[in-house]
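The structure under discussion appears below in the form of structure tokens.
Number of protein chains: 4
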Amino acid sequence: MRAVVYAGPHQVSVQQVPDPVISDPEDAIIKVTLSAICGTDLHPYRHEVPGVDPGTVLGHEYVGEVVAVGQGVRSFRVEDLVLGSFFAACGRCWWCRRGDHWQCESRAAFGYGSAFGEYLPGAQAEFLRVPHADTVLCHLPPGCPAEAAVFVTDVLATGFVAAERADMRPGDTVAVMGGGAVGQMASMACQALGAAAVVVADPLASRREMAAANGALSVSPGDARAVLDDLTENRGADVVIEAVGGAGPLESACALVRRRGTVVAVGVQFEATFPYPVARAFAGELSLRFATGNSIRVRDRLLRLVTSGVLDPTTIVTSRVKLDHVPGAYARFAEHQEVKVLVCNS
Amino acid sequence: MRAVVYAGPHQVSVQQVPDPVISDPEDAIIKVTLSAICGTDLHPYRHEVPGVDPGTVLGHEYVGEVVAVGQGVRSFRVEDLVLGSFFAACGRCWWCRRGDHWQCESRAAFGYGSAFGEYLPGAQAEFLRVPHADTVLCHLPPGCPAEAAVFVTDVLATGFVAAERADMRPGDTVAVMGGGAVGQMASMACQALGAAAVVVADPLASRREMAAANGALSVSPGDARAVLDDLTENRGADVVIEAVGGAGPLESACALVRRRGTVVAVGVQFEATFPYPVARAFAGELSLRFATGNSIRVRDRLLRLVTSGVLDPTTIVTSRVKLDHVPGAYARFAEHQEVKVLVCNS
Amino acid sequence: MRAVVYAGPHQVSVQQVPDPVISDPEDAIIKVTLSAICGTDLHPYRHEVPGVDPGTVLGHEYVGEVVAVGQGVRSFRVEDLVLGSFFAACGRCWWCRRGDHWQCESRAAFGYGSAFGEYLPGAQAEFLRVPHADTVLCHLPPGCPAEAAVFVTDVLATGFVAAERADMRPGDTVAVMGGGAVGQMASMACQALGAAAVVVADPLASRREMAAANGALSVSPGDARAVLDDLTENRGADVVIEAVGGAGPLESACALVRRRGTVVAVGVQFEATFPYPVARAFAGELSLRFATGNSIRVRDRLLRLVTSGVLDPTTIVTSRVKLDHVPGAYARFAEHQEVKVLVCNS
Amino acid sequence: MRAVVYAGPHQVSVQQVPDPVISDPEDAIIKVTLSAICGTDLHPYRHEVPGVDPGTVLGHEYVGEVVAVGQGVRSFRVEDLVLGSFFAACGRCWWCRRGDHWQCESRAAFGYGSAFGEYLPGAQAEFLRVPHADTVLCHLPPGCPAEAAVFVTDVLATGFVAAERADMRPGDTVAVMGGGAVGQMASMACQALGAAAVVVADPLASRREMAAANGALSVSPGDARAVLDDLTENRGADVVIEAVGGAGPLESACALVRRRGTVVAVGVQFEATFPYPVARAFAGELSLRFATGNSIRVRDRLLRLVTSGVLDPTTIVTSRVKLDHVPGAYARFAEHQEVKVLVCNS
């Protein structure tokens, strides 16, 4: 089959690779009908992720049709329309039983090489092998657009999990650091959960416009404090979601949160340590919580919200491309010219 | 001053009554600038509430300006713009300390005679005495329209409390029995809190249209089951909010909720007992929870939501009248020709 | 194999029945080393449960050793020591994904005939077939006594779920209606979760003594109100757990709960309706919640509590018998001479 | 009156100071019958707290009898027996309304000079002026020993708040860094809330013995990891409570918590920043939350727990002294020869 393959720093190409096969009774093979390029795909693209070697098939967001199932798969049959999760989890271990699938003892992430568990080829391809299919896959609900469902497999789940991890309450004022796809989804999720106001901070005007079109107030990072002060009688944000990664945005996030407030960080942190403002955190009784998306736990609810139209994540799609044009889309993405790219196989 | 006075069954009139005076150091006197007629005002109007005798000043939703304060009042000064709560509570007893102000040991409700505690004249008047002013009143936030704030003093708080009492979660499918003002507010509150769908059931077409205009699906009561089944793979509503009162609507509510689901009843129950379907409740692990609005506990959050425009309760206003025209509005209300009437003193 | 079989009203006998066999790839067969007689076993014994026909193998609490597994079982191997759940659930449906396994679309209860789903022979036997073994079974943790673990498979889980369903908070005063095994477990669970006081009401002195020995205050039902009033400044219990079943105890439970409090009913309700005191419930904003135990959801936590010794359910064991003596134990149980009987196969 | 006064680094003395007087209508004056020396009193003693100048009356834990009230005080009368809180809060501002009294806009701490708000003389004295008495004071419940109640005014509340802030769930394994008074209280609180095991780490054998006598497992700090690994199948603690302060213990706390787990830090942090292990926190989805005790919010529940005897904090009392002997007790405390000293005025 054809697939998008990491070919070295800043290089991806569409190559012929072996078709996936059932290698475990719990596997399913799906024909990918729709996948996506995610901001986190740029980390391997930029060669920032140890464990992603040339030849790795990329991509981890996908909707498709089941074409083969192992004999241990109970919930799915050939021809079922499904969505998945950006990672595989067993569904049975101590972590999975708690709903903490991302910490599953046999977790593996699609399209990240061996960075987050055993190697699993990615979803920017014609076909995909899905381990633990009964846990990882989910039926596409009647009436749910595939383009909305593909967001549920990762990026919308991540935004929603961030809001949930913050114990965001109705009436809260929220700040989101970063207007990339995860930041946009966090903004939408917080609005759906009853935020009184969401302030999205991003240096790019195009992303600020996108956030504003989706109901947020949007500002340059340097203006965030003043806007939040105005909204909160100078207390600061009840909740700050850090959706960029790295030390700078995390520091900004900590500076914007009010006393007793919570910073949730979903952006990637590569540095070993961060100089956390601990005296201020002590005085202000702050919380700093990290979270990674977990579509498996939250998708039943998210699918209802996208099916009924309460959430429409497709408003952030900037391009729809065929598999052959994915390399060009990566290049544009790396230049900040894209927020979300859908890859349409059919 | 002039005030709306209960004058016997189905009779209200505007009469001259004594001006209120400070009778306790914690009292404030406010000049009422805006009040409202609430569906529950029809209970005394219909002579259904023991304790409401002729001569009782009616009304319990109000926004105003402070014109006098007792020497024990710390948070308010003359000329402050304020909203209140439909009942007074001390702020200090075991119940108030828990946030259960409606059960306060010295609770008294405005405009209900002695039905819910000591007699307090109502707010459909030129002036109002507010006991425990530091607890009962709240500053009108900058930017918050008075017409929205008046909803926070009772009916929007009741709708919100219903959603909260149900532990409604994002993605839930909610049914609301009744499209009166409380039902409309419950619908809005559930949507603001992330319901995937809200189905409002009411026999009146005009109320169904109002609910639909505010984002709900609306149906005749007899059609509710079919619509909910369609939305939930035949499970029924995750949450049902009963906002009419009496046995019939409560029975319907219990019939619409799914297994493990919750019915929250905010409608008035006058009968001593109700034949609760206990075998079904046991098999389906149902919850039935009663709740009364508590604006004191929830208004900080609600005011942020109405100030930012996330919630706009004014869309259900069907009339705006001067004090002199309140009697006519009661008559129309009793004929189901009104949903929410604002009484504008200025 | 030999098994305890329902032989008609008030008759059980030990009979030779066919050995269970693997009939589905997800099945496991366990050699039962320890089972128990539960108060709910008396319902079929008294012929109160439609669907339990003569010939039904009884029993639903069990610990054992795996002796065979279907090819779809991943978490267990022959010789593993395991405990189970009193019912089987698929682990994959909408209900199971939420942690509401008791409502599983393919739920079946061991030893209840066809009363709660498809017929599953019971655990008071030498061997047991366990469907959906990966979901229903659980490894016996190192250091966990089998006699404690057998409680986790039903009755302790039920007591714990009752406390959880009540949202019992540290410092609460709890009343438990009934000092049978479930009531005793509810008492222990509430104490473990931080109740300030638990009052167990039972007409039998022996059960009151047992409750007292396990840390509760215990009273005759008629004295409960006075004791609770004394503990709560006359407010009543924050939480009442009804662990008997039927209308009388439920009515008592509703009479003991304070305003804003919660009644959780885990006792069986056979009548279609119950005259719920709805005017009082409205005035006092009461909650009435039904719950059935769900060992699958809560056992990871319970096993830690029994392994560390924080909870010791074995203090309520009144007899330990061999399989041959189970009929006599049923007879004593029906005469209220037993609270908990363990059936030791080895 | 006589009072314990900070007299310079490592020096306290009992001096004659002016009697407190009502200076605001919401003030009460209490005759202190019982106060205590807290570990945090050693911070001013060691001259570590800017804002504590010589002449400052020390102490912030107290039980007493009301001897005078301002005319705005409603809940208390002369001769009432009361306990207080280690800090004063208004009860009316945005923070107080949320239950976040420690962040009150007019917060002031007793006995800390101007370190945490306006100067308030401390409680190690014959009399104490208590501002906002209706909010700060609380009646001593019938049957509640004064010696237990004095713990509720600070140190037990702090331990309880730590457990609460961690969202500690029944069955959790908890590690507590530090066996001082707060650590001991956190250990007790976590046990009362259903921890399966609490591991207290302290270098002092005497504190480990005290923790063990109160139900914890206790270890030298270097052994904590091994003990926790043994309890948790090598996952680490579900919750870690840091009750020492400073960077070292916080670093240890972060090293002991499992993935998805929570560190709650209640120890004082004087340094501006702390090198938080952010890559590990990202990978493990950790939470770090700071908290300060808030007796005002939690004491209703704690008083029930100490009155019923579920919690007995007095087991950690190492000395009971008269006011005149307080200086000697400070010296012993500074040498780690005391854990909790009660100061008995009568």
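Protein chains in written order, with the working numbering: chain A, 66 to 411; chain B, 66 to 411; chain C, 66 to 411; chain D, 66 to 411. Ideal Cβ positions, reconstructed from N, Cα and C, are used throughout, including at glycine. All of these numbers come straight from a predicted model, not from anything done at the bench.
### Query
Is DSSP giving L367/C helix, strand or coil here?
helix
For this session: Name, please, each residue of chain D whose Cβ falls closer than 7 angstroms to the Cβ of P378/C.
Result: Neighbours of P378/C on chain D: none; closest Cβ ~14 angstroms, over 7 angstroms.
### Cross-chain neighbours of T338/B in chain C, by beta carbon under 7 angstroms
P340, Y341, P342, V343
Going by CA-CA distance only, name the one from V404/D, V128/D, L367/D that's closest to D237/C.
-> L367/D
| Those residues which DSSP pairs with V328/A across a bridge | V305/A, L353/A
### For M253/C: DSSP bridge partner residues
The partner list for M253/C (beta bridge, DSSP) is empty, contrary to what the question assumes.
>> Which residue marks the beginning of the beta strand (DSSP E) containing L321/D, and which one marks its end?
In response: Unbroken run through L321/D is the alpha helix (DSSP H), 312–321; no beta strand (DSSP E).
At a CB-CB cut-off below 7 angstroms, which residues of chain E make contact with V375/B?
Among the chains of the structure shown, chain E does not appear; the protein chains present are A, B, C and D.
Worksheet item: According to the neighbour-count rule (16 or more other Cβ atoms, all chains shown, within 10 Å of its Cβ), is E350/B buried or exposed?
Response: buried
- prompt: What separation, rounded to the nearest whole angstrom, lies between the Cα atoms of V70/B and V122/B?
  reply: 4 angstroms
For V305/C and A240/C, believed in contact at Cβ under 8 angstroms, the rounded distance: 5 angstroms
- Task: Would you kindly work out how many angstroms separate the C-alpha atoms of A396/A and H75/A, rounded to a whole number?
- Result: 8 angstroms
Assuming contact is defined by CB atoms lying nearer than 9 angstroms, are A190/D and R67/D in contact in what I supplied? yes
Quiz prompt | Whole-Å CB distance - L193/A paired with I95/A, under 8 angstroms assumed | solution = 5 angstroms
Please confirm whether D199/B and G259/B have their CB atoms less than 9 angstroms apart.
no
- request: Just the chain C side, please: which residues come within less than 8 angstroms of Q334/B by C-beta, in chain order?
  value: V343, A344, A346, F347
- Item | Among A289/C, D219/C, F347/C, D295/C, the one whose alpha carbon lies nearest that of P314/C | A289/C
### Message
With a threshold of 6 angstroms on Cβ separation, who are the neighbours of G332/B within its own chain once the five nearest residues in sequence on each side are excluded?
### Response
E307, A308, V309, G310
Just the chain A side, please: which residues come within less than 9 angstroms of D365/C by C-beta, in chain order?
-> W159, R162, R163
Margin query: If the criterion is Cβ atoms closer than 9 angstroms, does the pair H125/B and F151/B meet it?
Written below: yes
Determine, using beta carbons only, whether L146/C comes closer than 9 angstroms to chain D.
-> no
**Prompt:** Is the beta carbon of R354/D less than 9 angstroms from the beta carbon of R323/D?
**Reply:** no
Determine the burial state of P109/A: buried for a count of at least 16 other Cβ atoms within 10 Å of its Cβ, exposed for fewer.
buried
Original post:
So who's on the other strand from M242/C, going by DSSP bridges?
Top reply: A266/C, E307/C
Next on the checklist: On the DSSP letters alone, give me the boundaries of the beta strand (DSSP E) that F192/D sits inside.
Outcome noted: 192–195
Q.
Just checking: is the beta-carbon of G178/C within a distance shorter than 9 angstroms of some beta-carbon in chain D?
A. no
Does the beta carbon of Q249/A sit closer than 9 angstroms to a beta carbon anywhere in chain B?
no
| task | For A188/A, return the contacting residues in chain D, with the cut-off set at a CB-CB distance below 8 angstroms. | result | Chain D residues near A188/A: none, gap ~23 angstroms exceeds 8 angstroms.
Point to revise | Residues near V424/B in its chain [Cβ-Cβ closer than 7 angstroms; skip 5 each side] | key: As shown, chain B starts at 66 and ends at 411. That puts residue 424/B outside it, with no answer to give.
List, in order along the chain, the chain D residues whose C-beta lies closer than 7 angstroms to that of A257/C?
P235, G259
Please classify V375/A: is it buried, with 16 or more other beta-carbons within 10 angstroms of its beta-carbon, or exposed? buried
Endpoints, alpha helix (DSSP H) assigned at Y110/D: 107–110
ask   = Measuring from the CB of Y177/B, is there a heavy atom of the ligand GTP at a distance below 8 angstroms?
value = The ligand GTP is not part of this structure, which contains no ligands at all.
request  = Would you please state the rounded distance, in angstroms, between the beta carbons of I102/C and V382/C? I believe it to be under 8 angstroms.
outcome  = Between V382/C and I102/C the Cβ distance is about 11 angstroms, and since that is not below 8 angstroms, they are no contact.
Which value, in whole angstroms, describes the spacing of the CA atoms of A251/C and Q168/C? 22 angstroms
**Message:** Looking at chain C, is there any beta carbon in it that lies within less than 9 angstroms of the beta carbon of F181/D?
**Reply:** no
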